[in-house]
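Asker: Residue numbers (the working numbering), protein chains in the order written: chain A, 477 to 694; chain B, 23 to 394; chain C, 300 to 864.
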Amino acid sequence: MEKLVAKYVWEWPVRIVHWVNFLSILTLSVTGIYIGWAKTLAHDPSQYVMGWMRFVHFVAGYAFTISVISRICWAFVGNEYANWRTFVPWAFKDGRKNMKETFLFYVFARPRPPHAVGHNAMAGAAYLWVFLLYLVMICTGFALYAQYAPGSLLSRAFGWVYIFGSSQGLRLTHHCVMWLLLAFAIHHVYSAWLMDVKEKDGCMSSIFGGWKSVHEEE
Amino acid sequence: MDKKDNEQAAVAEERQMRKTVWEEKGISRRDFMKFCTAMSAALALPVTFAPKIARALDEVQRPTLVWLEFQDCAGNTEALLRSSSPSVAEIILDVLSLDYHETIMAAAGHQAEDALMKTVREQKGKYIAVVEGSIPLKDDGIYCCVGGKSARDLAREVCGNAFATIAVGTCAAYGGIPAAAPNPTGAVGVKDAVPGATVINLPGCPLNPDNLTATVIHFLTFGKLPATDSQGRPLFAYGKRIHDNCERRPHFDAGQYVEQWGDMAHRRGHCLYKMGCKGPETWHNCPIQRYNDKTSWPVGAGHGCVGCSEANFWDTMTPFYKRLPNVPGFGIEYTADQIGAGLAIATAAAFAGHGVISALRRNKDTEGKKEE
Amino acid sequence: MAKIVIDPVTRIEGHLRIEAEVSGSSVADAWSSSTMFRGIERILQGRDPRDAWYFTQRLCGVCTTVHSIASIRSVENALGIRIPPNAELIRNLIMGIQNVQDHVIHFYHLHALDWVDITSALKADPARTAELAASLSDWPLNSPTYFKGVQAKLSAFVSRGRLGPFANAYWGHPAYKLPPEANLMATAHYLEALEWQKDVIRIHAILGSKNPHPQTFLVGGMAIAVDPDSQTALNANKLEEIRLLLGKAREFVEKVYIPDLLAVASFYKEWAGIGGGVGNYLCYGEFPADNSGKPEVLWIPRGIILNRDLSRLHPVEQDKITEYVDHSWYEGKPGTALHPWDGETDYKYTGPKPPYEYLNTDEKYSWVKAPRYADLPMEVGPLARCLVAYASGHKEVKPVVDLVLSKLQVGPEALFSTLGRTAARGIETLVIAQKLPQWLDALVANIKGGDLSIHNNEKWDPDTWPAEAKGFGWHEAPRGSLGHWIRIKDQKIANYQAVVPSTWLASPRDAKGQRGPYEAALQGTPLADPKRPLEILRTVHSFDPCLACAVHLLDPTGNETVKVV
Ligand code: HEM
Ligand code: HEM
Ligand code: SF4
Numbered sequence: 477m478e479k480l481v482a483k484y485v486w487e488w489p490v491r492i493v494h495w496v497n498f499l500s501i502l503t504l505s506v507t508g509i510y511i512g513w514a515k516t517l518a519h520d521p522s523q524y525v526m527g528w529m530r531f532v533h534f535v536a537g538y539a540f541t542i543s544v545i546s547r548i549c550w551a552f553v554g555n556e557y558a559n560w561r562t563f564v565p566w567a568f569k570d571g572r573k574n575m576k577e578t579f580l581f582y583v584f585a586r587p588r589p590p591h592a593v594g595h596n597a598m599a600g601a602a603y604l605w606v607f608l609l610y611l612v613m614i615c616t617g618f619a620l621y622a623q624y625a626p627g628s629l630l631s632r633a634f635g636w637v638y639i640f641g642s643s644q645g646l647r648l649t650h651h652c653v654m655w656l657l658l659a660f661a662i663h664h665v666y667s668a669w670l671m672d673v674k675e676k677d678g679c680m681s682s683i684f685g686g687w688k689s690v691h692e693e694e
Numbered sequence: 023m024d025k026k027d028n029e030q031a032a033v034a035e036e037r038q039m040r041k042t043v044w045e046e047k048g049i050s051r052r053d054f055m056k057f058c059t060a061m062s063a064a065l066a067l068p069v070t071f072a073p074k075i076a077r078a079l080d081e082v083q084r085p086t087l088v089w090l091e092f093q094d095c096a097g098n099t100e101a102l103l104r105s106s107s108p109s110v111a112e113i114i115l116d117v118l119s120l121d122y123h124e125t126i127m128a129a130a131g132h133q134a135e136d137a138l139m140k141t142v143r144e145q146k147g148k149y150i151a152v153v154e155g156s157i158p159l160k161d162d163g164i165y166c167c168v169g170g171k172s173a174r175d176l177a178r179e180v181c182g183n184a185f186a187t188i189a190v191g192t193c194a195a196y197g198g199i200p201a202a203a204p205n206p207t208g209a210v211g212v213k214d215a216v217p218g219a220t221v222i223n224l225p226g227c228p229l230n231p232d233n234l235t236a237t238v239i240h241f242l243t244f245g246k247l248p249a250t251d252s253q254g255r256p257l258f259a260y261g262k263r264i265h266d267n268c269e270r271r272p273h274f275d276a277g278q279y280v281e282q283w284g285d286m287a288h289r290r291g292h293c294l295y296k297m298g299c300k301g302p303e304t305w306h307n308c309p310i311q312r313y314n315d316k317t318s319w320p321v322g323a324g325h326g327c328v329g330c331s332e333a334n335f336w337d338t339m340t341p342f343y344k345r346l347p348n349v350p351g352f353g354i355e356y357t358a359d360q361i362g363a364g365l366a367i368a369t370a371a372a373f374a375g376h377g378v379i380s381a382l383r384r385n386k387d388t389e390g391k392k393e394e
Numbered sequence: 300m301a302k303i304v305i306d307p308v309t310r311i312e313g314h315l316r317i318e319a320e321v322s323g324s325s326v327a328d329a330w331s332s333s334t335m336f337r338g339i340e341r342i343l344q345g346r347d348p349r350d351a352w353y354f355t356q357r358l359c360g361v362c363t364t365v366h367s368i369a370s371i372r373s374v375e376n377a378l379g380i381r382i383p384p385n386a387e388l389i390r391n392l393i394m395g396i397q398n399v400q401d402h403v404i405h406f407y408h409l410h411a412l413d414w415v416d417i418t419s420a421l422k423a424d425p426a427r428t429a430e431l432a433a434s435l436s437d438w439p440l441n442s443p444t445y446f447k448g449v450q451a452k453l454s455a456f457v458s459r460g461r462l463g464p465f466a467n468a469y470w471g472h473p474a475y476k477l478p479p480e481a482n483l484m485a486t487a488h489y490l491e492a493l494e495w496q497k498d499v500i501r502i503h504a505i506l507g508s509k510n511p512h513p514q515t516f517l518v519g520g521m522a523i524a525v526d527p528d529s530q531t532a533l534n535a536n537k538l539e540e541i542r543l544l545l546g547k548a549r550e551f552v553e554k555v556y557i558p559d560l561l562a563v564a565s566f567y568k569e570w571a572g573i574g575g576g577v578g579n580y581l582c583y584g585e586f587p588a589d590n591s592g593k594p595e596v597l598w599i600p601r602g603i604i605l606n607r608d609l610s611r612l613h614p615v616e617q618d619k620i621t622e623y624v625d626h627s628w629y630e631g632k633p634g635t636a637l638h639p640w641d642g643e644t645d646y647k648y649t650g651p652k653p654p655y656e657y658l659n660t661d662e663k664y665s666w667v668k669a670p671r672y673a674d675l676p677m678e679v680g681p682l683a684r685c686l687v688a689y690a691s692g693h694k695e696v697k698p699v700v701d702l703v704l705s706k707l708q709v710g711p712e713a714l715f716s717t718l719g720r721t722a723a724r725g726i727e728t729l730v731i732a733q734k735l736p737q738w739l740d741a742l743v744a745n746i747k748g749g750d751l752s753i754h755n756n757e758k759w760d761p762d763t764w765p766a767e768a769k770g771f772g773w774h775e776a777p778r779g780s781l782g783h784w785i786r787i788k789d790q791k792i793a794n795y796q797a798v799v800p801s802t803w804l805a806s807p808r809d810a811k812g813q814r815g816p817y818e819a820a821l822q823g824t825p826l827a828d829p830k831r832p833l834e835i836l837r838t839v840h841s842f843d844p845c846l847a848c849a850v851h852l853l854d855p856t857g858n859e860t861v862k863v864v
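Set out below in structure tokens:
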């Protein structure tokens with residue numbers, strides 16, 4: 477027999493990080509899109525449209541960065557569902573099995589996803605890539621940002637990023653990775669919804685309250 | 023020190039040095055001091071340094087300078103001839119002993135080569151080499167030969183034995199246009215062609231001659247080469263971005279952009295960001311130092327910056343009229359955004375499709391569950 | 300026969316090498332070779348055609364505007380773009396002052412030292428120099444004190460024993476003929492011109508942001524905004540500054556350059572019989588009076604003169620221009636010349652391995668190709684322009700040519716020579732310097748009439764272009780006829796080829812063994828001292844060589860790779 481029990485999966489820091497990320501990415505994308513496709517919205521030079529856009533972008537950038545760093549720390553102190561191991565499922569036997577089964581489910585070759593309480597293995601692996609993209613955004617973002625203050629602490633801290641490319645190359649990367657993140661977001665919200673309806677596991681609401689309904693096998 | 027003190031100090035200094043080599047050469051003291059003041063400005067030094075520069079220039083035995091041209095267009099030589107500070111073209115010919123320069127020297131052929139080799143032999147480790155143009159390394163350097171010698175061998179001999187080498191222009195500094203993809207001749211800058219040489223890079227296409235004079239004066243005044251950034255460029259000239267000193271910056275911040283050449287915004291001097299201006303990623307003192315007697319500079323005249331003082335700008339800053347480069351592997355018609363938006367839409371479509379299929383399968387699954 | 304080599308030929312742009320065979324006391328045969336190669340045309344493939352001008356501008360830093368003009372014209376021609384009248388006039392102003400400034404630099408800084416012995420100027424009497432100068436013109440700086448100052452400066456320089464750029468020259472050579480006073484005057488003006496040129500070229504900075512390499516060219520017009528009520532655009536203040544500088548340019552040409560030229564020339568009249576060369580002259584025509592793109596509106600006319608026959612002017616047909624590579628370091632079918640649009644050459648060096656003593660002049664020996672018009676080598680440049688204008692009875696050029704000829708007491712046949720080339724450059728400078736203010740007036744009149752347009756935006760967006768297009772852009776550069784040929788495919792450059800003045804002039808032999816203009820002109824040059832071949836320099840410099848432009852390459856097979864790092 478199987479029954480549904482409520483389980484506390486997402487601890488508060490995980491949830492806060494998730495929503496701070498969500499909000500800051502939204503803000504960063506909107507302001508970033510303006511930076512990328514500047515439109516003449518101002519009618520006289522006393523206005524400060526681009527100035528504000530950039531200001532908000534940078535503040536959101538800081539919020540985002542702090543949030544991402546906190547999550548990385550939490551991966552070492554939080555509960556098993558937040559642990560860094562869930563992001564590298566292929567390194568463990570269980571994870572490999574789970575990954576294969578989830579994949580089969582996604583391509584309709586299996587009626588139900590395998591059992592997982594935290595992230596399913598596929599999602600865990602995907603989040604690793606998302607976190608890497610976060611880091612790419614942070615590094616390219618701060619490397620570009622630091623250009624306004626050559627010789628400063630910031631520019632020295634992020635100067636190494638330029639071994640990967642010229643400022644134009646970094647800008648282009650920063651610009652394109654935004655699209656990757658947006659593409660991920662679409663996929664991600666869909667998957668969460670799918671899990672919710674398929675598994676009736678409260679996946680969607682879990683990220684708000686932290687509790688998931690879990691099938692317990694007896 | 024306030025301004026008055028500065029002036030007094032300058033006057034006192036001036037009186038101290040009665041008749042100098044300058045006057046012997048027919049350059050008036052006034053012209054000379056004007057030049058020194060201009061130089062201290064270019065070097066971003068307080069005016070008090072003007073007398074110091076003057077003293078340094080007076081004391082030195084004209085240091086020897088040889089100017090080599092390789093894969094170049096002579097643009098930097100021409101720039102030198104346009105130097106704007108008072109009598110600079112003249113003073114350069116006098117401050118320094120310019121022993122070799124193909125474009126302006128009187129001698130030719132063997133006699134010219136002899137002049138060069140004499141300097142290398144007799145002044146070993148003391149002369150300054152200026153290099154203009156890139157150096158082709160492919161196929162044993164056959165793509166550029168002077169006097170039957172390859173540019174690479176000449177550069178190794180001349181720059182290798184110099185006190186220091188000043189690479190003028192982006193070609194000499196980083197390979198420049200000959201090194202643009204696909205770099206048919208394997209062109210590189212001096213630093214890569216002559217490993218181990220002391221090289222100061224003064225990129226620009228062509229360089230601003232004021233920066234060259236300032237580098238030499240910096241050396242004569244302080245007895246050492248100027249501090250440089252990670253790309254070997256002196257901080258006094260390449261320490262800040264164009265965008266951070268640009269006179270159109272208020273319009274950038276306000277959000278007022280030129281949308282079409284010749285439109286109202288263009289006429290009123292609004293920001294050229296959308297016309298592909300590369301000021302935000304270019305390190306140079308153009309907005310301040312300007313060109314031709316401080317007359318103008320590209321953004322000032324209405325055309326975006328193309329980033330000519332950056333390594334590889336021919337590849338990284340093109341297309342010049344687009345803000346971002348093309349995505350490698352895609353043609354010109356695909357900009358980053360078309361690709362990105364395409365990706366996002368494709369993802370949405372894929373998942374919409376996936377959603378439909380799974381909705382259709384839902385009933386079947388539930389039925390299966392019931393059977394259990 | 301003894302073979303002499305001059306490498307590097309100095310006081311030119313780029314890397315030129317001359318090998319000459321000497322018999323007795325004159326040159327029997329000569330080979331001209333360029334020893335530098337960059338591959339800019341190859342680099343252009345796959346790029347945005349609107350960017351091309353910025354690349355081609357770097358073909359040469361001396362004639363710094365010309366390759367941008369030819370390039371934007373080729374794209375405009377391919378896409379059928381007509382530029383606004385203001386842009387046309389601004390371009391005329393930029394091209395015109397470029398010609399004037401470039402010719403003066405050439406005369407004083409690149410060519411004069413072939414005729415003027417600076418060391419002899421020390422022996423001159425300043426008072427008599429002033430008399431000489433005053434007899435030639437009413438230039439304000441003709442006083443004895445002035446010349447004394449110059450002489451003192453010179454002697455201070457020489458007495459310190461370090462001659463810098465003036466060391467090791469052919470000073471004291473028997474072929475120098477000027478009296479000390481004329482030498483002193485020319486030396487003074489050498490220094491004067493150095494100051495003057497950087498001043499007048501500020502017109503480029505006002506209209507083009509900087510010089511060398513102005514940066515306001517655009518396919519479809521210019522990027523310098525025009526608006527009398529704006530601080531950042533071309534306004535009354537800037538127009539007035541241009542007017543002052545044009546006045547300064549004209550004054551110097553009228554009062555210093557032309558008198559000096561005539562004075563020096565009168566001592567070297569035998570050079571009117573030396574250095575003639577191929578005898579065919581080509582001119583594309585320049586300075587359009589309106590934006591119709593028709594050859595009739597060109598102020599300097601288009602035409603060809605064959606075999607020194609000034610009585611017949613032939614039309615120029617674009618498709619008769621071809622290039623040979625039989626003696627150039629490129630692969631290609633021997634004996635076939637290709638039109639620039641169809642060029643399919645591949646660079647391949649087959650010369651000696653450096654360091655070398657001599658080139659193998661029987662085989663391939665230069666990076667320069669051999670362009671031919673209807674299979675004939677052509678001389679281009681100020682002389683060609685002057686002759687074509689003269690033959691067409693041009694109302695501004697003809698009287699000046701006649702005046703110069705009568706002052707020197709020679710006939711028109713004297714023009715086909717080293718001296719003729721040097722004189723034609725002066726004549727042209729004068730005519731253009733006098734014409735420039737008229738273009739400025741026209742620009743002012745347009746602005747006054749409310750026309751502020753500087754760019755035609757219709758075809759700016761590549762999406763408006765046809766899938767394929769080809770065009771050519773012609774321009775009379777200071778050094779002669781310049782043409783760029785472009786093929787555009789899918790909004791990218793598929794093929795680019797420039798046939799530049801120095802390619803015509805420095806061309807090596809073609810398949811039939813016909814010599815290029817330098818080579819032909821050098822035949823028969825007298826040599827007083829083969830170890831110090833000053834006379835060869837005179838003839839070569841009279842063409843105003845500019846070698847960086849002459850060497851480039853195209854390779855339509857190359858894959859496009861645009862790297863973003
Ligand atoms: C997911 C997070 C982010 C997104 C989606 C994002 C998006 C964007 C976009 C689309 C642009 C315009 C790029 C262009 O077209 O040139 C941009 C520019 C920029 N971003 Fe971000 N960004 C993010 C994070 C950050 C972070 C963490 C920083 C660090 C402070 C940052 C700093 C910058 C800077 C400095 C610029 C250039 C602004 C300028 O030059 O005016 N970004 N961003
Ligand atoms: C309506 C919006 C969203 C909802 C409902 C939502 C829901 C969720 C849920 C349910 C999880 C846990 C998934 C699991 O079981 O494995 C999760 C995790 C995650 N979500 Fe979202 N999400 C939303 C928006 C976003 C956005 C816009 C992003 C970033 C672009 C994002 C990035 C992530 C990441 C990286 C994780 C892993 C979290 C961790 O382990 O720390 N989410 N989200
Ligand atoms: S014109 Fe260029 S450099 Fe100036 S503010 Fe605009 S983007 Fe920056």
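Glycine residues also receive a C-beta, built at the ideal position from the N, C-alpha and C atoms.
Scan the stretch 260-291 of chain B for residues whose Cβ lies nearer than 8 angstroms to a Cβ of chain A and list them as they occur along the chain.
Answerer: Those would be GLY261, LYS262, ARG263, ASP266, PRO272, HIS273, PHE274, ASP275, ALA276, GLY277, GLN278, TYR279, GLU281, ALA287, in chain order.
Asker: Near B/VAL216, what residues of its chain come up, given a Cβ to Cβ distance below 7 angstroms and the 5 sequence neighbours on each side ignored?
Answerer: On the second sequence, residue 216 of chain B is found 194 positions in, with the first residue counted as 1. Only ALA177, ARG178, CYS181, GLY182 meet the Cβ criterion.
Asker: Once the 5 residues before and after C/GLY857 are set aside, which same chain residues still bring their CB inside 7 angstroms of it?
Answerer: Here residue 857 of chain C corresponds to residue number 558 of the third sequence, with the count starting at 1. For C/GLY857, the predicted structure reports a pLDDT of 24, less than 50, and the residue's modelled location is therefore unreliable. The matter cannot be settled from this model.
Asker: Run through chain B and tell me which residues come within less than 9 angstroms of C/VAL361, C-beta to C-beta.
Answerer: For the purposes of this step, residue 361 of chain C is taken as residue 62 along the third sequence, with counting starting at 1. Residues of chain B passing the Cβ test: CYS95, ALA96, GLY97, THR99, GLU100, THR125.
Asker: Leaving out the 5 sequence neighbours to the left and right, which residues in its chain are closer than 7 angstroms to C/ARG831 when beta-carbon positions are compared?
Answerer: Here residue 831 of chain C refers to the residue found at position 532 when the third sequence is read from its first residue. Within the same chain, C/ARG831 has close Cβ partners TYR469, HIS472.
Asker: What are the boundary residues of the beta strand (DSSP E) that includes C/SER780?
Answerer: For the purposes of this step, residue 780 of chain C is taken as the residue at position 481 of the third sequence. C/SER780 -> beta strand (DSSP E) spans 779-788.
Asker: Closer than 7 angstroms: is that where the CB of B/GLY377 sits relative to any heavy atom of ligand 1?
Answerer: Counting from 1 along the second sequence, the entry for residue 377 of chain B is found at position 355. B/GLY377 Cβ: outside cutoff for every heavy atom of ligand 1.
Asker: What residue from B/ALA195, B/CYS268, B/HIS306, B/CYS308 has the CA that sits closest to B/GLY291's CA?
Answerer: Here residue 291 of chain B corresponds to residue number 269 of the second sequence, with the count starting at 1. Among B/ALA195, B/CYS268, B/HIS306, B/CYS308, the Cα nearest to that of B/GLY291 is on B/CYS268.
Asker: Starting from C/GLU622 and walking both ways along the beta strand (DSSP E), at which residues does that stretch end?
Answerer: Taking the first residue of the third sequence as 1, we reach residue 622 of chain C at position 323. Here the beta strand (DSSP E) through C/GLU622 covers 620-623.
Asker: Please classify B/VAL110 as buried or exposed, where buried requires at least 16 neighbouring CB atoms within 10 angstroms.
Answerer: As a working mapping, residue 110 of chain B is identified with position 88 in the second sequence. Low per-residue confidence applies at B/VAL110: pLDDT is 46, beneath 50, and the placement is therefore not dependable enough to give any value.
Asker: Give me whichever residues DSSP pairs with B/ILE188 in a beta bridge.
Answerer: Numbered from its first residue, the second sequence carries residue 188 of chain B at position 166. B/ILE188 pairs with B/VAL152, B/ILE222.
Asker: Return the chain-ordered ranges of every beta strand (DSSP E) run that is complete within the stretch 683-740 of chain C and spans a minimum of 3 residues.
Answerer: Taking only runs of at least 3 residues, no beta strand (DSSP E) segment lies wholly in the stretch 683-740 of chain C.
Asker: For a contact defined as C-beta to C-beta under 8 angstroms, what are the partners of B/THR235 on chain C?
Answerer: On the second sequence, position 213 is the one that residue 235 of chain B refers to. Within chain C, no residue comes near B/THR235; the closest Cβ sits about 13 angstroms away, beyond 8 angstroms.
Asker: Three-state secondary structure (DSSP) at C/PRO639?
Answerer: Residue numbering aside, residue 639 of chain C sits at position 340 when the third sequence is read from its first letter. Reduced to three states, the DSSP call for C/PRO639 is helix.
Asker: Taking C-beta to C-beta, are C/ARG601 and C/GLY584 nearer than 8 angstroms?
Answerer: Here residue 601 of chain C refers to the residue found at position 302 of the third sequence. Here residue 584 of chain C refers to the residue found at position 285 of the third sequence. Yes, the Cβ-Cβ distance between C/ARG601 and C/GLY584 is below 8 angstroms.
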